[in-house]
């Protein structure tokens with residue numbers, strides 16, 4: 049699986065304000081804590097509806113059961129960049145998470161993403177879970 053990162057017209061600093069950065073960080077940290085605690089219900093609450101549906105379809109079981117079976121490297125947040133309604137969180141383990149802002153607020157849309165050096169620039173990450 050690959051994810052596209054589009055940041056049009058925002059520059060390297062991103063477009064989001066401090067509140068967005070804090071909210072994005074909180075979602076990522078809440079998800080990580082839930083996964084570490086094997087709390088599938090709480091972890092799935094941090095996923096976008098499309099990502100939950102994709103995970104359930106791929107794993108053929110409910111999100112709360114499927115998410116605890118995904119092998120995600122633990123890592124703390126090292127950087128958050130917000131681009132209007134999308135964000136990227138870089139983790140200390142070298143992976144990234146992508147978020148989107150929707151009706152439910154900021155939610156994760158891709159997890160366990162690793163940079164791919166040999167990938168085209170429009171698909172620079174390979175993700176374990178994505179919508």
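Residue numbers (my numbering): 49 to 179.
For each residue, glycine too, the CB sits at the ideal point set by N, CA and C.
Bear in mind the structure is a predicted one, so any value in this text is a computation, not a measurement.
Opposite residue 164 in the DSSP bridges: which residues? One-based indexing of the chain shown puts residue 164 at position 116. In the DSSP output, where bridge partners are listed per residue, residue 164 has none listed.
Does the pairing of the segment 68-75 with the segment 130-144 give three or more beta-carbon distances under 8 Å? Three or more Cβ pairs closer than 8 Å define a contact, and the segment 68-75 meets that threshold against the segment 130-144.
DSSP has residue 134 in a bridge; who is on the other side? In the chain shown, residue 134 corresponds to position 86, counting from 1. In the DSSP output, where bridge partners are listed per residue, residue 134 has 131 and 148.
Measuring alpha carbon to alpha carbon, tell me which residue in 149, 161 and 116 is nearest residue 140. Here residue 140 corresponds to residue number 92 of the chain shown, with the count starting at 1. Proximity to residue 140 across 149, 161 and 116 peaks at 161, based on C-alpha coordinates.
Compare the beta carbon distance of residue 177 and residue 99 with 8 Å and say whether it is the shorter of the two. For this step, residue 177 is matched to residue 129 along the chain shown. For this step, residue 99 is matched to residue 51 along the chain shown. Yes.
Exposed or buried, which one is residue 96 when buried takes at least 16 other CB atoms within 10 Å? Stepping through the chain shown from its first residue, residue 96 is reached at position 48. Here residue 96 is buried. Its C-beta has 16 or more other C-beta atoms within 10 Å.
Determine which residues share a DSSP beta bridge with residue 125 and list them. Indexing the chain shown from 1 puts residue 125 at position 77. 139.
Classification of residue 179 by the beta-carbon crowding that lies within 10 angstroms, buried from 16 upward: For the purposes of this step, residue 179 is identified with residue 131 of the chain shown, where counting begins at 1. By the Cβ neighbour-count rule, residue 179 is buried, with 16 or more other Cβ atoms within 10 Å of its own.
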